[in-house]
Each structure stands twice: as structure tokens, then as C-alpha cells.
Amino acid sequence: MCGGAIVETEAYLHDDPACHASRGLTKRNRVMFGKPGHGYVYLIYGFHFCVNAVCRPAEAVLIRAVESTFGATQMLARRPVGKARELTNGPGKLCQAMSITRELDGVDLCNEQSELYIVENVDVKKFRKEKGPVITTTRVGITKAATLPLRFYLAGSDYVSKR
DNA sequence: GGTAAGATTGTCT
DNA sequence: GACAATCTTACCG
Numbered sequence: 100m101c102g103g104a105i106v107e108t109e110a111y112l113h114d115d116p117a118c119h120a121s122r123g124l125t126k127r128n129r130v131m132f133g134k135p136g137h138g139y140v141y142l143i144y145g146f147h148f149c150v151n152a153v154c155r156p157a158e159a160v161l162i163r164a165v166e167s168t169f170g171a172t173q174m175l176a177r178r179p180v181g182k183a184r185e186l187t188n189g190p191g192k193l194c195q196a197m198s199i200t201r202e203l204d205g206v207d208l209c210n211e212q213s214e215l216y217i218v219e220n221v222d223v224k225k226f227r228k229e230k231g232p233v234i235t236t237t238r239v240g241i242t243k244a245a246t247l248p249l250r251f252y253l254a255g256s257d258y259v260s261k262r
């Protein structure tokens, strides 16, 4: 068991050229056309995995950074790093640390019996208060629709990938 | 059947 | 700051 608070996300909308689902259903993005609440996991650049939470049909939120709150020992075993923040301050990094792979593509994120799931609890609310306001900026690492303000992160978190 | 590009990261300068 | 590593998918012929 390991986990943490999501501190950085990006949104991908159905009419957004940067969204994998914008050009219709394919083998890779089929999960995005399924039921909302499921996880979309894919391999990028042949090296790293990225996780998304499907929110509406053909629309998803990319999880870019997590601040680990428990199970950090296990995560460090999978991803040995010097500084704690290096553990999960990037979409590919957090997938390695939490052993998120393509096997989890399509997982039900709303079911606490799943290998991977997302919940909102009182600690998260307190965490958000401590970490300050949510900053909205442009998305990172994309070439299409790069100016849309669809990236969100907590101003006070050390685990945000880029400022 | 071939090829170009990608929602990244780590390493070297 | 620049660049290589490495592979799946999408698109064209």
C-alpha cells in the first residue's frame, strides 16, 4: 500500500487537439470512451507511463504530480532517489514510484478494492488548505493547443514538476 | 509495410 | 540548456 495527495493535474477536453481522444476512438485511448471514473494509462516515448482519470466521455485529467503521504518506503524501493521530492514530481515518476503500468489501464478509480483508486477525505481538504491556492497555467510538454490554461497545481507544494 | 512523432526523464555540458 | 534513450500508435502508401 502506498499513496498520496494529487498536487498537479492537466485537463484534456474532447475538442482539444492535444487530447488523445480528439481524433476518435483508437486501440490506445479506448478507455477514454468508456465509463467515467476509470483510469487511462499509456506508455509515452517508449519509456514512461502516464495516468489519467477519465471524467467525461473522451475527456480526462492527467495526474502530473503526487505528494506521498504513506508507503513512501515501498515507493523508494521501486524508485531510488536522493531527495524525497524527486519521487513523484512528474507524470512518469509517480507511475514508476507507485508501480502504475499498462496493466492498470481501465481500472475503476472509484472502487476502493481496485489496485489503484482516488478518494477525497478530510486529510486531503486539510492538505489543500495548508498548500495554498490552486494556480492555473498552461500545459507542459505538448505541441498542440499549448496556450490553453488547463494545468492546475497547488502553490505551496514542493512536489510540483515545474513552476 | 514503413515511418514520423509523442501529455518524459536522466545525464552531460 | 541540449540531447539521447526506446517503443507504441497513427497515418500514408
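When we follow our numbering, the leftmost residue of the first sequence carries the number 100, and every step to the right adds one.
Ideal Cβ positions, reconstructed from N, Cα and C, are used throughout, including at glycine.
Query: Taking DSSP as the reference, what is the three-state secondary structure of G133?; Result: coil
Query: Alpha carbon to alpha carbon, how far is P116 from E158?; Result: 12 Å
Query: Quick check: the stretch 192–212 against the stretch 165–184, are there 3 or more CB pairs under 8 Å?; Result: yes
Query: Comparing alpha-carbon positions, which option in H113, D114, C101 and C118 lies nearest T242?; Result: C118
Query: How is N167 classed by DSSP in three states: helix, strand or coil?; Result: Correcting the residue identity first, residue 167 is Ser in this sequence and not Asn. S167 falls in the strand class under three-state DSSP.
Query: What residues in its chain sit with their C-beta under 8 Å from that of R127, if we drop five residues either side in the sequence?; Result: H119 and Y141
Query: Could you check where the beta strand (DSSP E) with V206 kicks off and where it finishes?; Result: Note, V206: premise wrong, no beta strand (DSSP E); not H, not E.
Query: May I ask you to report which of helix, strand or coil DSSP gives H119?; Result: helix
Query: Could you give the C-beta distance for N188 and Y144, rounded to a whole number, given that I count them as a contact under 8 Å?; Result: Wrong, their Cβ atoms sit about 18 Å apart, outside the cutoff.
Query: Take T235 and list the residues in its own chain whose beta-carbon comes closer than 6 Å to its own, dropping the five residues that flank it on each side.; Result: P248 and F251
Query: Relative to the alpha-carbon of E229, which residue among G136, L253 and S121 has its alpha-carbon at the smallest distance?; Result: L253
Query: Let me know the secondary structure DSSP gives R250 once reduced to three states.; Result: strand
Query: For T237, tell me which candidate among G103, C101, M100 and E107 has the shortest Cα-Cα distance.; Result: E107
Query: Look up R177 in the DSSP assignment and say whether it is helix, strand or coil.; Result: helix
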